[in-house]
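There are 2 protein chains.
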Amino acid sequence: MANKTDLKWLDMAARLAERGRPSSSPNPAVACVIVKDGIVLGRGVTQAGGRPHAEALALAEAGRAAEGADVFTTLEPCAHVSERGPTCSHSLAEAGVARVIIGCHDPDPRTAGSGIAALRAAGVEAQLVGHLPSAESLAGYLARAMLGRPHITLKLALSLDGCIALADGTSQWITGPEARAHAHRERARADGILVGGETLRADSPSLDVRLPGLEDRSSQRLVLTRGDVPDGWRALSSPQGVAELGDCQYLFIEGGAGAAAAFLAADLVDRLLIYRAPIVLGGGRPGVADIGLAELSAAHDRWQRSDTRSLGSDTLEVYQRIRS
Amino acid sequence: MANKTDLKWLDMAARLAERGRPSSSPNPAVACVIVKDGIVLGRGVTQAGGRPHAEALALAEAGRAAEGADVFTTLEPCAHVSERGPTCSHSLAEAGVARVIIGCHDPDPRTAGSGIAALRAAGVEAQLVGHLPSAESLAGYLARAMLGRPHITLKLALSLDGCIALADGTSQWITGPEARAHAHRERARADGILVGGETLRADSPSLDVRLPGLEDRSSQRLVLTRGDVPDGWRALSSPQGVAELGDCQYLFIEGGAGAAAAFLAADLVDRLLIYRAPIVLGGGRPGVADIGLAELSAAHDRWQRSDTRSLGSDTLEVYQRIRS
Numbered sequence: 001m002a003n004k005t006d007l008k009w010l011d012m013a014a015r016l017a018e019r020g021r022p023s024s025s026p027n028p029a030v031a032c033v034i035v036k037d038g039i040v041l042g043r044g045v046t047q048a049g050g051r052p053h054a055e056a057l058a059l060a061e062a063g064r065a066a067e068g069a070d071v072f073t074t075l076e077p078c079a080h081v082s083e084r085g086p087t088c089s090h091s092l093a094e095a096g097v098a099r100v101i102i103g104c105h106d107p108d109p110r111t112a113g114s115g116i117a118a119l120r121a122a123g124v125e126a127q128l129v130g131h132l133p134s135a136e137s138l139a140g141y142l143a144r145a146m147l148g149r150p151h152i153t154l155k156l157a158l159s160l161d162g163c164i165a166l167a168d169g170t171s172q173w174i175t176g177p178e179a180r181a182h183a184h185r186e187r188a189r190a191d192g193i194l195v196g197g198e199t200l201r202a203d204s205p206s207l208d209v210r211l212p213g214l215e216d217r218s219s220q221r222l223v224l225t226r227g228d229v230p231d232g233w234r235a236l237s238s239p240q241g242v243a244e245l246g247d248c249q250y251l252f253i254e255g256g257a258g259a260a261a262a263f264l265a266a267d268l269v270d271r272l273l274i275y276r277a278p279i280v281l282g283g284g285r286p287g288v289a290d291i292g293l294a295e296l297s298a299a300h301d302r303w304q305r306s307d308t309r310s311l312g313s314d315t316l317e318v319y320q321r322i323r324s
Numbered sequence: 001m002a003n004k005t006d007l008k009w010l011d012m013a014a015r016l017a018e019r020g021r022p023s024s025s026p027n028p029a030v031a032c033v034i035v036k037d038g039i040v041l042g043r044g045v046t047q048a049g050g051r052p053h054a055e056a057l058a059l060a061e062a063g064r065a066a067e068g069a070d071v072f073t074t075l076e077p078c079a080h081v082s083e084r085g086p087t088c089s090h091s092l093a094e095a096g097v098a099r100v101i102i103g104c105h106d107p108d109p110r111t112a113g114s115g116i117a118a119l120r121a122a123g124v125e126a127q128l129v130g131h132l133p134s135a136e137s138l139a140g141y142l143a144r145a146m147l148g149r150p151h152i153t154l155k156l157a158l159s160l161d162g163c164i165a166l167a168d169g170t171s172q173w174i175t176g177p178e179a180r181a182h183a184h185r186e187r188a189r190a191d192g193i194l195v196g197g198e199t200l201r202a203d204s205p206s207l208d209v210r211l212p213g214l215e216d217r218s219s220q221r222l223v224l225t226r227g228d229v230p231d232g233w234r235a236l237s238s239p240q241g242v243a244e245l246g247d248c249q250y251l252f253i254e255g256g257a258g259a260a261a262a263f264l265a266a267d268l269v270d271r272l273l274i275y276r277a278p279i280v281l282g283g284g285r286p287g288v289a290d291i292g293l294a295e296l297s298a299a300h301d302r303w304q305r306s307d308t309r310s311l312g313s314d315t316l317e318v319y320q321r322i323r324s
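Residue numbers (the UniProt record's numbering), protein chains in the order written: chain A, 1 to 324; chain B, 1 to 324.
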């Protein structure tokens, strides 16, 4: 069991890890904090392209003071030798740290416990904590490693009565500028963005990121279709095709109702991001098409709200798929 | 301008007034608090059937100590002589109170300013405050007096994607027991409960109140239909028919989608009560049928969220119609 203070530092590391996303891709966005006597001596987040690793940066910042310090890291330090540098478990042992507190086990077979073993063999106390915020900060990496697919977010911009457009298709705008800016930030954090075939044909969405400083953030553009796709787009013939998206850790589904239903019906949505506008459309287009639900009871106990906040006059509701 | 302390006492009176509803009907549920040197000397809420009035009860509780005290009342004290007792403005003046701070003007032509005039003529300082919580606690009375119809709440029990049932009509249950109990409490506070004709035929709802201690609370049962209705039900041929509901101050619309749409299209909904379950039904029955919306912009700036709370795993969202 980690004590309360340890958990506080791990929480800090998990929050810090947010900064590594998505530029660390294809490597996981790990964060590391080195602490002695309650003072932070070094911090690091996996850098663009995956190197340097978080631990290497934190050790460089701490310097010699790292000796005898506690190290908090969201993921098990690597143990597989690479030509790009020494392993983090080796570097931590070399620096003479006292303890390494680890948020998540690394499922990568090249590490998978050998990072912890290497630390212990070198006389470093290594402790693995089942730390939920760390796991959440690594959701895409863990989904790839353990499920063989990206972590999948479905975004819906809905009226109070669940519509995404008027009956004639008009959808600009359901939500206000604050909610749309938030959705652009979420889009910028994804490795892949997907729309349904009908949405692509009807709206020709550019899916670019319209936020200052993030305009050059280009995610892979995907479309759920069995047909042809324009240049710059990749086709997925079914939701199960996400398994083939090599390095994609985070997939963001933009709609429409058909794509949303296809992924929900395949139980391939991990997170719902609902931007809810304070409007009633009555008879508009529903945001989710038929998902083939046979019984009402099957709809329950699948989603748990993890966040809700106001964005202008809209509300953001975040739900996580409960997988026990 | 009322000072901060005055507003605090008026807020207290407005909260107290909740207890008078719905038993005070057909009279408004008024509350009165008598205060001297920061100490509450008397409190009153309009009693069942409308008498005694709030001020009479508060004065009786305060007794002689009311002399020189401040009186906070949600509605202008009555000034029309009745065979059921002296007017409240007369009683307050008789008791020698120093000030009467009033949350709302009484639109009843028999009072309508003459309560305040009577107090002032008797040497009592009378002050009218535009106090929103008081107005909200009197919403049904004010709607009747000023709009000639009840205050109308539309209740919707919806999935995240705005459905009230599966495609086959199954709707038991969308929401959990906490949300359903809350809806029963809201039902118990209404003078009339309305369902659509289709809902009546399909579900034969009893609309009784299944809460301990409130089982005998029977509201008028209404159905929106041009057809025949069973015994114990009254038909409304259109939403505009609410003007004929004599003493009904609070109308509660239980659904279904057609009745909801009819009242929304007629702009006859003052308050939305949305019980939102954390489920996705995808292709289920929408909660609101066509409301004939021609432009998306017309849907905006109509609803403002006034409350949101968790009820078990469901969420209650309350929206008020913005009428400027």
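From the three backbone atoms N, C-alpha and C, an ideal C-beta is built for every residue, glycine too.
Close to A:A261, with beta-carbon spacing below 8 Å, are these residues of chain B in chain order: G282 and G283. In the displayed model, A:W173 falls within coil according to three-state DSSP, outside both helix and strand. Leaving aside the five residues that flank A:R305 on each side, the residues in its chain whose CB is nearer than 6 Å to its CB run, in chain order, Y319. With a contact defined as Cβ atoms closer than 8 Å, A:E83 and A:H105 miss out at about 25 Å. The C-beta of A:Q304 comes closer than 8 Å to at least one C-beta of chain B.
Excluding sequence positions up to five before and after B:A145, its CB lies within less than 7 Å of the CB of P107 and D108, all in the same chain and listed in chain order. Nearest to A:Q240 by C-alpha distance, out of A:R226, A:G232 and A:S91, is A:R226. The alpha-carbon of A:G85 is positioned some 28 Å away from that of A:A190. For B:A235, the CB contacts under 7 Å within the same chain, skipping 5 residues up- and downstream, are V223, T225 and V229 in chain order. Look at B:H300: its C-beta is under 8 Å from a C-beta on chain A. Proximity of chain A to B:Y319 at the Cβ level (cut-off 8 Å) is accounted for by L160 and P278, in chain order. Listed in chain order, the non-local C-beta contacts of A:A56 below 8 Å within the same chain comprise G44, G85, C88 and S91, local neighbours out to five positions each way being set aside. Between A:A69 and A:G115, the C-beta gap is not smaller than 8 Å, which leaves the two residues out of contact. The alpha-carbon separation between B:G103 and B:V288 amounts to approximately 36 Å.
Here DSSP, grouped into helix, strand and coil, assigns A:I322 to coil.
For the pair B:S25 and B:Q220, the CB atoms are not nearer than the 8 Å cut-off. Here the C-alpha atom of A:A62 lies approximately 39 Å from the C-alpha atom of A:S324. The Cβ-Cβ distance between A:E317 and A:R276 falls below 8 Å. A:T199 and B:G292 have their C-alpha atoms some 24 Å from each other. For B:A298, no beta strand (DSSP E) encloses it, and the DSSP letter there is neither H nor E. Of all residues in the stretch 169–182 of chain A, only T170, S171, Q172, W173 and I174 come within less than 8 Å of chain B when Cβ atoms are compared, listed by chain position. Listed as beta-bridge partners of B:Q249 by DSSP are no residues whatsoever. Residue range S114 to A121 is occupied by the alpha helix (DSSP H) that includes A:I116.
Note on A:P150: 16 or more other CB atoms within 10 angstroms of its CB, so buried under the neighbour-count rule. Using a Cβ-Cβ distance cut-off of 8 Å, the stretch 120–132 of chain A and the stretch 152–172 of chain A are not in contact, since fewer than three pairs of beta carbons, one from each stretch, lie closer than that value.
Beyond the five residues adjoining it in sequence on each side, A:Y141 comes within less than 7 Å, by CB distance, of P28 and Q249 in the same chain, given in chain order. With at least 16 other beta carbons inside 10 angstroms of its own, A:T315 counts as buried. Nearest C-alpha to B:D6 among B:S23, B:F72 and B:R19: B:F72. The stretch 235–291 of chain A contains, as complete beta strand (DSSP E) runs of 3+ residues, the segments 250–255 and 271–276 (chain order).
A direct Cα-Cα distance of roughly 16 Å separates A:A143 from A:A266. The Cβ neighbour count for B:L132, taken over all protein chains shown within 10 Å, is under 16; the residue is labelled exposed. The C-alpha of A:S137 lies about 50 Å from the C-alpha of B:R21.
Within chain B, the residues whose beta carbon sits less than 9 Å from that of A:P286 are D161, G162, C163, G282, G283, G284 and P286, listed in sequence order. Per DSSP, reduced to three states, the secondary structure at B:H105 is coil, with no helix or strand assignment. By the 16-neighbour rule on beta-carbons within 10 angstroms, A:P286 is buried. With respect to B:A66, B:I34 sits close: the two C-beta atoms are nearer than 8 Å.
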